[in-house]
Amino acid sequence: ALVVGARALSREEVEYVASNGEVAYISAQEFRRRREEYLREIRARVEPHQRVYVSLDMDVLDPAFAPAVGNPSPGGLTTWELEQALEAAMGGPVVGLDLCEVYPHYDHGVTAATGAHLVLWGLHHYLASHGEGLGG
1395 ALVVGARALS REEVEYVASN GEVAYISAQE FRRRREEYLR EIRARVEPHQ
1445 RVYVSLDMDV LDPAFAPAVG NPSPGGLTTW ELEQALEAAM GGPVVGLDLC
1495 EVYPHYDHGV TAATGAHLVL WGLHHYLASH GEGLGG
């Protein structure tokens, strides 16, 4: 697993990442500093697998872009940064994509619209990278 953009991790989450060689964590700040390097790493991690599942946790976004999430925390990724990471992941053999951490009760449409945009962005790049068009 590769976690991109998470912040405000609990002690248990930090310990799990540190003890599990199968999980890698890239903070939002690190992604921002070395974006091109990490985009290459994302592509390299998804390519050798037969199946890749992508989960979009809206908590990784800065609250300016997704305010209605379970754990809003300043300093998150911008929508553009998450689009770049998602585009890199969707070039692989993706078998599923989900969106989580949207709290409709607290939303005024911003988080839902951003989430819908990201899902469509991901699907578009999956189809484009696999030689399929949206028109069928």
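Residue numbering for the sequence shown follows our numbering, beginning at 1395 and increasing consecutively. Backbone N, C-alpha and C fix where the C-beta goes; we use that ideal spot for every residue, glycine too.
In terms of DSSP beta bridges, what is residue i paired with?
i, result
"VAL1397", "TYR1419"
"VAL1488", "VAL1446"
Quick one: Cα of residue i to Cα of residue j, how far?
i, j, result
"TYR1432", "GLY1469", "18 Å"
"GLY1530", "TYR1500", "Bear in mind that the predicted position of GLY1530 carries a pLDDT of just 47, short of 50, making it too unreliable to give a figure here."
"LEU1514", "GLY1415", "32 Å"
"GLU1430", "ALA1479", "10 Å"
Do residue i and residue j have their C-beta atoms within less than 7 Å of each other?
i, j, result
"GLY1490", "TYR1447", "yes"
"ALA1422", "GLY1399", "yes"
"ASP1456", "CYS1494", "no"
"ALA1458", "THR1505", "no"
"ALA1395", "ILE1436", "no"
"ARG1426", "SER1467", "no"
Suppose the cutoff is 6 Å on Cβ atoms and the five residues either side in sequence are ignored; what does the same chain contact list for residue i look like?
i, result
"ASP1492", "SER1449"
Please confirm whether residue i has its beta-carbon closer than 7 Å to some beta-carbon of chain B.
i, result
"PRO1487", "Protein chains in the displayed structure number just one, and chain B is not present."
Excluding sequence positions up to five away, which residues of its chain have a Cβ less than 7 Å from the Cβ of residue i?
i, result
"GLU1441", "GLY1486"
* Asked: Which parts of the region 1424-1483 are runs of the alpha helix (DSSP H), unbroken and 4 residues or longer, counting only runs that do not cross its ends?
  -> Segments of the alpha helix (DSSP H) lying fully in the region 1424-1483: 1429-1440.
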